[in-house]
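Protein chains in written order, with the working numbering: chain A, 191 to 526; chain B, 1119 to 1659; chain C, 42 to 266; chain D, 201 to 304.
Beta carbons: idealized from backbone N, C-alpha and C, even for Gly.
Working notes, beginning with the structure itself.
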């Protein structure tokens, strides 16, 4: 029957924060449940009907009590809201020093790929005490990346990138679930997250049979798909030079700018005409249907590796929020 | 079902006979009974699915049925219970029967439309049953795209069409109620003399009228995408699956209040009657029903916190969600305060009503957990949510429905049910319910995702507990079914007002005459005026 | 009141006390139904708003492929039908039985013309391969990567005009019933509620088109050369 | 048949004709204006004219100006709920990407 538990392990920096809020809510719940149940039992016994003809005489005037028991609970709920929202905000914003890992969900497995090129299916190896940022895509339906021990969950919607992050705090082996119903074998779309000491993680990374880093594989694809015929590094191609572009604001034809992030590259490969870089003709064909989400993330990673901070080190994700209304020409929202 | 005593008097049940007199009836009371038969059938079908689900989850391996079958089971359980049982339950049965009587009307404003509503529910139900027998549908009752439009092989269209048709039944019922309440009140029945049951139904009808059409159009778009490949939500064409979720929950969140508001109305009637005391803060309780209906439309995005909606929208919807807590809290506190210095008797309806308050309190308070963004990340799409909404929809709505059935059964049939058995069943249901669903809170926080056919071994103990509770619960639901039917023939003949209640429906005979009242009542005082009721009784007696 | 062998009339059903109460109830009922219709079309307006704001350029091109002049003329036809409908209601108010029939037939006629023109426009779309979901879909002036967005426009176009047309067809059915009843002389100055209420429905469907026309045919027209 | 329902207000044919003409003119105007580049205002103008047309139809053809307060309340309620649907949906769609993180 497996080991019986009443409370999940805390294995991320987020977990204790979520649990503390839970304790607060539990306390409120217990208090009000006891209050209501207690009052009901007390009144029910004390004021039970003693004769068939008795008629209670109680005058209730004014709304003092009602005001009291709507204002006080409302105040308490506002604490819940603020507290919950601040945790949510933290959980939504990956720190800048997070290591980047890509995940692709498809019926019914999780495919994960490290920058160094290690690929895993339904298993994710990560170092302890290191922020990890997951950029996720789906090949088919909506999935949801859920690690209970980390108290983290994010739906992966097809047609765009989704992001989540966590810092594991305890080495060990933790459940990975798909939490959004995705079809026949939904309950089989599960796996394990292995949290390792940094040394073990380095060993794990260098072991195994990785066929080149993601960026290298992306480069191969880049050449196979003949992207390099137009996107030349000496600015002589029909397409923009991609060196050093990642993370920067790009001038668009017809005015406006867009931040060159993962979502923009993904969109530019699939819908090249959506946001044309200023000074270029809309001549690039679409690669929709020609590349899988897995190949896409490799291509994106390759272009990222050409960015200001080349290589597989910590990734600059552009800390500043994209300026509002960054693109007035934009016919496609990049950050959907 | 006709006794010697009742034979002499004509009432709605013996005014005419034969199948035709039922299938073509325009009498709101008979239509209420038609609904009762229909939704009872749907309830037991939905219950059968629930039983299979719980039995399957006894073991972690998923070895009783295939995962394909399991997915169909929970989908059909949800579809049957929500669209064909809970949403029609109290409004279509008890509301239909008693709303006109409580305001002193001879019938609803549009009796033919009322009959049409019933036929629509039946036709919708038949579509869904057809889909079930033909091979089932496995999308979950939420029909999320693109799974439902592109990937599912089940009978999505037939099921969705069934829901679409049943939706019109719901819309027309709500429309009928609103017009009836506005235009058909007896002389002297002012808004603030109306029973809270009527107020609750007014609020419910607002949701049915304003929300259901959005579900209808969402289903139409789903249909167009699946059958005609219009691809409105198709990410491959730049569509957004999250937009579907917005439209779906615009209706489906308020739909929860369609289920629970009428229950609150029933509970208000029962608590008042069995405390022999006006509801504490009548006006506030009346307004809180309308407030819940209105605020309920502003919070749907809390189903989408991790679905890829924007961070900002998440915060807005979380904030707004907490506003629903105020009118809900007021209701619970005011019911409890009604007991204070009352004259409380513990007949079966009262047991259900008190059970409702307890379970709704827990359901409501756990709603605060899922509305808190930080916690919802962890518990959404887990058994925590499953437990939470069952506390509201079964612990709340269904307890209210059963309480109402016991309260008004004597009026509807002219017969009393056996009190001892009824009390026993109320107790069994309360205990069975808690044993079934309380462990699921813990399971959810441990991280067991919902809609899982197989699960990790460490979750087994709690699942076994839950299944054990479900068996108790199943027994609890069977008992009333048996003694209600038994009482039709063998029950004691019911007097006009067995509980000493104040509503107009108790001023007419049991069962009521065809047009409800021998004479149109003239209302001279507010609901729950026990002093004048007892004074009248003294005069009469 | 509350007689047990009630003598029901069309103008006074048994559940009502007065004819005015019955008429009020019918009118309120229809207005409530129209509110449900607002929400029904509202779902589609939401879809339209979001996609239009995401893909304004492609939507402008797709929108300009519709024939504006035909759209405008058809709007005129529908407005005419609304006029004849309100004239039928007026005839009801005055108890002019013949005029009711004539104006209802005129309304039916204009409604029919509108639907005919709509059918012609749809047929054009088929010939131009502007049918979303078909492999042959192609909209000139839109680059290959954006054809999906153009498909979205036409999906919305067909869904909205299709559901509008469905409402028109239902309206035509109601008109046919009313014409038959009116010819039998069922309506008078004291009982013309069905005409009145059907009029509300007909005008509402007209109002939906009043919005569909600019949303689908006109907005951002100027962006396309 | 008894007396006709009280206080039915009957508008003149002239009123209806005037409204029809106004509607037709508005249709012509909105069609013509759509070819003129008014920038962001083109949408505003198109929808503004549509709203005027809606008001004309509702007030005159649907007799809203003679109707009860309750009927007007029903109409306003319907429009308010439409606004809720559109605005709260837009809280999401108008703020996608504010965090500068894909999917937030």
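**Prompt:** Taking Cβ to Cβ, would you say residue 190/A is nearer than 8 Å to residue 316/A?
**Reply:** There is no way to answer for residue 190/A, as the model of chain A reaches only from 191 to 526.
**Request:** Please list the partners that residue 296/D has in chain B, where partner means a Cβ-to-Cβ separation under 7 Å.
**Result:** The residue given as residue 296/D occupies position 96 in the fourth chain. Ordered by position in chain B, the residues that pass the 7 Å Cβ test against residue 296/D are 1428.
**Message:** Can you tell me whether residue 116/C is helix, strand or coil according to DSSP?
**Reply:** To locate residue 116/C, count along the third chain from 1; it is residue 75. Looking at residue 116/C - three-state DSSP - the assignment turns out to be helix.
**Request:** Using a Cβ cut-off of 8 Å, pull out every chain A residue sitting near residue 173/C, in sequence order please.
**Result:** Residue numbering aside, residue 173/C sits at position 132 when the third chain is read from its first letter. For residue 173/C, none of the residues of chain A pass the 8 Å Cβ criterion, the least Cβ distance being about 16 Å.
**Asked** Taking Cβ positions only, does residue 283/A come closer than 8 Å to chain D?
**Response** For this step, residue 283/A is matched to residue 93 along the first chain. Yes, residue 283/A counts as interfacial toward chain D.
**Prompt:** Of the choices 1374/B, 1316/B, 1159/B and 1145/B, whose alpha-carbon is the least far from that of residue 1485/B?
**Reply:** In the second chain, counting from the first residue as 1, residue 1485/B sits at position 367. For residue 1485/B, the nearest C-alpha among the options comes from 1374/B.
**Message:** So for residue 357/A, helix, strand or coil by DSSP?
**Reply:** Position 167 of the first chain, counted from the first residue, corresponds to residue 357/A. The three-state reading of DSSP puts residue 357/A in strand, counting E and B together.
**Message:** Can you tell me whether residue 1174/B is buried or exposed? The criterion is at least 16 other CB atoms within 10 Å of its CB, across all chains shown.
**Reply:** Looking up residue 1174/B in the second chain gives position 56. Counting every other CB atom within 10 Å of its CB across the protein chains shown gives residue 1174/B a total of 16 or more, marking it as buried.
**Asked** Taking just the CA atoms, how far does residue 242/D sit from residue 255/C?
**Response** As a first step, residue 255/C must be located in the third chain, where it is residue number 214. As a first step, residue 242/D must be located in the fourth chain, where it is residue number 42. Answer to the nearest angstrom: the Cα atoms are 10 Å apart.
**Message:** Looking at the secondary structure, which residues open and close the alpha helix (DSSP H) in which residue 1147/B lies?
**Reply:** As a first step, residue 1147/B is located in the second chain; it is residue number 29 there, counting from the start. Going by DSSP, residue 1147/B is part of the alpha helix (DSSP H) stretching over 1146–1174.
**Prompt:** From which residue to which residue does the alpha helix (DSSP H) around residue 251/D run?
**Reply:** Residue mapping note: residue 251/D aligns to position 51 of the fourth chain, counting from 1. It spans 241–256 - the alpha helix (DSSP H) in which residue 251/D sits, taken as one unbroken run.
**Message:** the ligand HEM and residue 1306/B: does any heavy atom of the ligand fall closer than 7 Å to the residue's C-beta?
**Reply:** Summarising the ligand content, the structure contains no ligands, and the ligand HEM is consequently not present.
**Item:** Which residues DSSP lists as bridging residue 368/A, in chain order
**Value:** Against the first chain, residue 368/A aligns to sequence position 178. Looking at the DSSP assignment, residue 368/A forms a beta bridge with 335/A.
**Message:** Assuming residue 323/A and residue 353/A are in contact, meaning their beta carbons sit under 8 Å apart, how far apart are those beta carbons, in whole angstroms?
**Reply:** To locate residue 323/A, count along the first chain from 1; it is residue 133. To locate residue 353/A, count along the first chain from 1; it is residue 163. Yes, they are in contact, since the Cβ atoms of residue 323/A and residue 353/A sit about 7 Å apart, within 8 Å.
**Request:** May I ask which residues mark the beginning and end of the beta strand (DSSP E) holding residue 1412/B?
**Result:** Within the second chain, numbered from 1, the residue matching residue 1412/B stands at position 294. The continuous stretches of beta strand (DSSP E) do not include residue 1412/B, which lies in the alpha helix (DSSP H) extending over residues 1400–1413.
**Message:** Quick check on the DSSP output: the alpha helix (DSSP H) that includes residue 377/A runs from which residue to which?
**Reply:** Counted from its first residue, the first chain places residue 377/A at position 187. Here residue 377/A belongs to no alpha helix (DSSP H), and DSSP marks it neither H nor E.
**Prompt:** Going along the chain, which residues of the stretch 1400–1433 of chain B sit with their C-beta nearer than 8 Å to a C-beta in chain D?
**Reply:** If you check each beta-carbon in the stretch 1400–1433 of chain B against every beta-carbon of chain D, the ones closer than 8 Å belong to 1415, 1416, 1418, 1419, 1422, 1426, 1427, 1428, 1429, 1430 and 1431.
**Request:** Using a cut-off of 8 Å between C-beta atoms, extract the partners of residue 284/D located in chain B.
**Result:** Position 84 of the fourth chain, counted from the first residue, corresponds to residue 284/D. Those are 1415 and 1416, listed as they occur along chain B.
**Prompt:** What does residue 78/C reach in chain G if we use C-beta pairs closer than 8 Å?
**Reply:** Looking at the structure shown, chain G is missing, and the protein chains on hand are A, B, C and D.
**Sheet register partners of residue 283/A (DSSP bridge)** = If you number the first chain from 1, residue 283/A lands on position 93. Paired residue(s): none; residue 283/A is not in a bridge.
**Request:** Could you check which residue in 355/A, 347/A, 332/A and 380/A has the C-alpha nearest to that of residue 1573/B?
**Result:** Walking along the second chain from the start, residue 1573/B turns up at place 455. For residue 1573/B, the nearest C-alpha among the options comes from 380/A.
**Request:** Measure from the C-beta of residue 1295/B to each C-beta in chain D and report whether the shortest distance is under 8 Å.
**Result:** Translated into the one-based positions of the second chain, residue 1295/B becomes position 177. No, residue 1295/B does not count as interfacial toward chain D.
**Prompt:** Going along the chain, which residues of the stretch 254–280 of chain D sit with their C-beta nearer than 7 Å to a C-beta in chain B?
**Reply:** Residues of the stretch 254–280 of chain D whose Cβ lies closer than 7 Å to any Cβ of chain B, in chain order: 270.
**Request:** List the DSSP bridge partners of residue 528/A.
**Result:** The structure shown does not extend to residue 528/A, since chain A spans only 191 to 526, so no value can be given for it.
**Prompt:** Does the distance from the CB of residue 120/C to the CB of residue 227/D come in under 8 Å?
**Reply:** Translated into the one-based positions of the third chain, residue 120/C becomes position 79. Translated into the one-based positions of the fourth chain, residue 227/D becomes position 27. Yes, the Cβ-Cβ distance between residue 120/C and residue 227/D is below 8 Å.
**Which residues DSSP lists as bridging residue 304/A, in chain order** = As a position in the first chain, residue 304/A is number 114, starting the count at 1. Residue 304/A pairs with 291/A.
**Asked** Quick one, which of 270/A, 373/A and 294/A has its alpha-carbon nearest residue 218/A's?
**Response** As a position in the first chain, residue 218/A is number 28, starting the count at 1. The shortest Cα separation from residue 218/A among 270/A, 373/A and 294/A belongs to 270/A.
**Message:** For residue 201/C, report the span of its alpha helix (DSSP H) as first-last.
**Reply:** For the purposes of this step, residue 201/C is taken as residue 160 along the third chain, with counting starting at 1. Taken as a continuous stretch (DSSP letters only), the alpha helix (DSSP H) holding residue 201/C covers 188–224.
**Item:** Alpha carbon of residue 537/A to alpha carbon of residue 1141/B, nearest angstrom
**Value:** Lying outside 191 to 526, the shown extent of chain A, residue 537/A is not represented and no answer is given.
**Request:** Determine the burial state of residue 1308/B: buried for a count of at least 16 other Cβ atoms within 10 Å of its Cβ, exposed for fewer.
**Result:** Taking the second chain and counting its residues from 1, one reaches residue 1308/B at position 190. By the neighbour-count rule (16 or more Cβ atoms within 10 Å), residue 1308/B is not buried but exposed.
**Asked** Candidates 1329/B, 1155/B, 1386/B and 1377/B: which alpha carbon is nearest residue 1314/B's?
**Response** As a first step, residue 1314/B must be located in the second chain, where it is residue number 196. Nearest to residue 1314/B by alpha-carbon distance, out of 1329/B, 1155/B, 1386/B and 1377/B, is 1386/B.
**Request:** Return yes when the Cβ of residue 1303/B is within less than 8 Å of the Cβ of residue 65/C, no when it is not.
**Result:** Numbered from its first residue, the third chain carries residue 65/C at position 24. Numbered from its first residue, the second chain carries residue 1303/B at position 185. Going by C-beta atoms, residue 65/C is not nearer than 8 Å to residue 1303/B.
**Item:** residue 1491/B in three-state terms, based on DSSP
**Value:** To locate residue 1491/B, count along the second chain from 1; it is residue 373. Correct three-state label for residue 1491/B: helix.
**Prompt:** What's the C-alpha gap between residue 541/A and residue 236/A?
**Reply:** Lying before the first or after the last residue shown, residue 541/A is absent from chain A, which here runs from 191 to 526.
**Cross-chain neighbours of residue 476/A in chain C, by beta carbon under 7 Å** = Here residue 476/A is taken as the residue at index 286 of the first chain, counted from 1. Per Cβ cutoff of 7 Å: 185 and 186.
**Prompt:** For residue 263/A and chain B, any beta-carbon pair shorter than 8 Å?
**Reply:** What you label residue 263/A is simply residue 73 of the first chain in a count that begins at 1. Using beta-carbon distances, residue 263/A counts as an interface residue toward chain B, with a partner under 8 Å.
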